[in-house]
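Taking it in order: structure first as structure tokens, then the write-up.
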Amino acid sequence: MTTENNQSNHASVATSLGSVQVDSRPGGRLHPVAERLTHASDLERAAFVIQDLTIRYPALEQVAGEAEWMIREPRQTRARGLIVCASKDNGKTSLAKLIHDRFNDYHHVDLPCVLRISMSGVRDARSVYGRIMEELGSPARISHRLSDRELLVQRLLRDVDCRLLILDEVQDILLGSEREQQRALEGIKLLMNELRLPILAFGAEKAGQAFNSDGHLAARFTQFTMPTWKADSTLANFLATYERFLPFKQPSNLAAPDKLAFLAKVGGGILGNVVTRIKNAALTAIVDGSDCITLDLLKTSVKRPTVCLMTPRKDAA
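Heads up: the sequence shown is residues 9 to 325, going by our numbering.
If you want it as structure tokens, here you go:
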């Protein structure tokens with residue numbers, strides 16, 4: 009298995025908010041949606057701050073681009089695979105969802121089929137096939153033998169012309185016995201061989217080890233390690249873009265050197281820690297009326313504010 013570690017100095021500003029694609033190209037201090045919400049109620053602003061916001065950065069774009077190649081290129085006799093490794097809460101599941109959702113837009117039925125399943129708790133090929141059948145709307149029956157599921161899954165995947173199979177949490181394969189690991193890998197290998205189906209796998213830092221026990225799979229998979237986050241221009245650009253979606257009348261300057269350094273330190277290389285601290289501080293800024301995030305607020309916002317902004321307030325008598 010070949011490995012690759014990417015660390016770039018430039019962040020993209022293309023983003024997706026929830027299931028809605030939004031454009032964050034420069035054009036104002038705030039994105040138009042956030043701008044409108046600066047005059048909204050505290051509850052509405054808090055709901056906007058809390059929801060997921062995916063900002064594309066270089067490593068994410070590199071994996072998404074590779075996924076596009078795997079989906080669009082002609083099927084190959086030796087279907088190839090990519091395993092993306094990252095520490096916990098560092099964006100791998102969000103990236104898997106982003107790629108999957110891009111090709112599962114019900115408004116564009118002509119898009120290639122991309123299937124995504126979780127490998128959590130999977131111990132054998134039978135379970136792998138069962139997850140695929142469930143995702144395709146054909147739940148497996150207890151009476152199905154392994155050979156039954158094997159043939160049915162191949163037929164279902166051919167019928168939908170599946171172009172990419174995304175496996176999330178593949179490190180869980182390692183939790184099984186050696187025999188169980190072998191059985192799970194056999195199911196994956198069969199799909200790659202019989203359907204010439206490329207596979208994009210996501211897992212924790214040591215997830216690549218799950219494929220190393222099978223020489224054929226190890227030769228087909230390339231490992232890509234998501235970089236950790238530090239106080240550099242990539243994080244600064246990420247913070248500057250993120251701030252455009254904070255509905256505050258006053259600038260917070262999250263990319264300023266002092267805030268950049270603090271968020272990098274408190275994040276410990278984990279993007280999820282950075283985002284959580286920003287959300288906590290933003291919610292507190294709504295509660296106390298400061299309408300921006302200061303360095304002191306970042307330092308003290310370890311948790312959500314005591315006042316829950318999501319509780320509807322009764323009109324004053």
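We treat Cβ as the ideally placed atom computed from N, Cα and C, and that holds for glycine.
| query | result |
| --- | --- |
| Taking 7 Å as the limit between beta carbons, can you name the residues of its chain near residue 104, skipping five residues before and five after? | 124, 174, 176 and 210 |
| For residue 176, list the residues DSSP reports as bridge partners. | 126 |
| How would you call residue 150, buried or exposed, if buried means at least 16 neighbouring beta carbons within 10 angstroms? | exposed |
| Measuring CB atoms only, is the segment 76-95 touching the segment 227-238, in the sense that at least three cross pairs come out at less than 8 Å? | yes |
| Who are the near neighbours of residue 87 in its chain, counting only those whose CB is closer than 8 Å to its CB and skipping five residues on each side? | 200, 201, 203, 204, 205, 206, 207 and 228 |
| Report whether the distance from the Cβ of residue 76 to the nearest heavy atom of the ligand NAP is below 7 Å. | Only the bare structure without any ligand can be found here, which leaves the ligand NAP out of the picture. |
| Name the residue from 274, 122 and 102 whose alpha carbon lies nearest to the alpha carbon of residue 111. | 122 |
| Sorted by chain position, which residues of the same chain lie with C-beta nearer than 8 Å to residue 192's C-beta, five sequence neighbours on each side aside? | 127, 130, 131, 132, 133, 135, 136, 181 and 184 |
| Does the beta-carbon of residue 310 have 16 or more other beta-carbons within 10 angstroms, so that it is buried, or is it exposed? | exposed |
| Within its chain, find whatever has a CB closer than 8 Å to the CB of residue 288; leave out the 5 residues flanking it on each side and keep chain order. | 309, 310, 311, 312 and 313 |
| Assuming residue 138 and residue 153 form a contact by the criterion Cβ under 8 Å, report the distance between their Cβ atoms to the nearest whole angstrom. | That pair is no contact at about 12 Å. |
| Classify residue 331 as buried or exposed, calling it buried when 16 or more other Cβ atoms lie within 10 Å of its own Cβ. | The chain is shown from 9 up to 325; residue 331 falls before or after that span and cannot be answered. |
| Using DSSP with H/G/I as helix, E/B as strand and the rest coil, what is residue 30? | Per-residue confidence for residue 30 stands at a pLDDT of 43, beneath the threshold of 50, marking its modelled position as unreliable; the derived number appears in the next sentence. Of the three classes helix, strand and coil, the one that applies to residue 30 here is strand, per DSSP. |
| What is the residue span of the alpha helix (DSSP H) that residue 59 lies within? | Taken as a continuous stretch (DSSP letters only), residue 59 belongs to no alpha helix (DSSP H), as it is neither H nor E. |
| Helix, strand or coil: which one does DSSP assign to residue 86? | coil |
| Classify residue 77 as buried or exposed, calling it buried when 16 or more other Cβ atoms lie within 10 Å of its own Cβ. | exposed |
| Within its chain, find whatever has a CB closer than 6 Å to the CB of residue 248; leave out the 5 residues flanking it on each side and keep chain order. | 263 |
| Take residue 290 as the anchor and find which of 48, 163 and 256 has the nearest alpha-carbon. | 256 |
| Is residue 317 near residue 118, with beta carbons less than 8 Å apart? | no |
| Taking residue 172 as the reference, give the member of 215, 109 and 147 with the closest Cα. | 109 |
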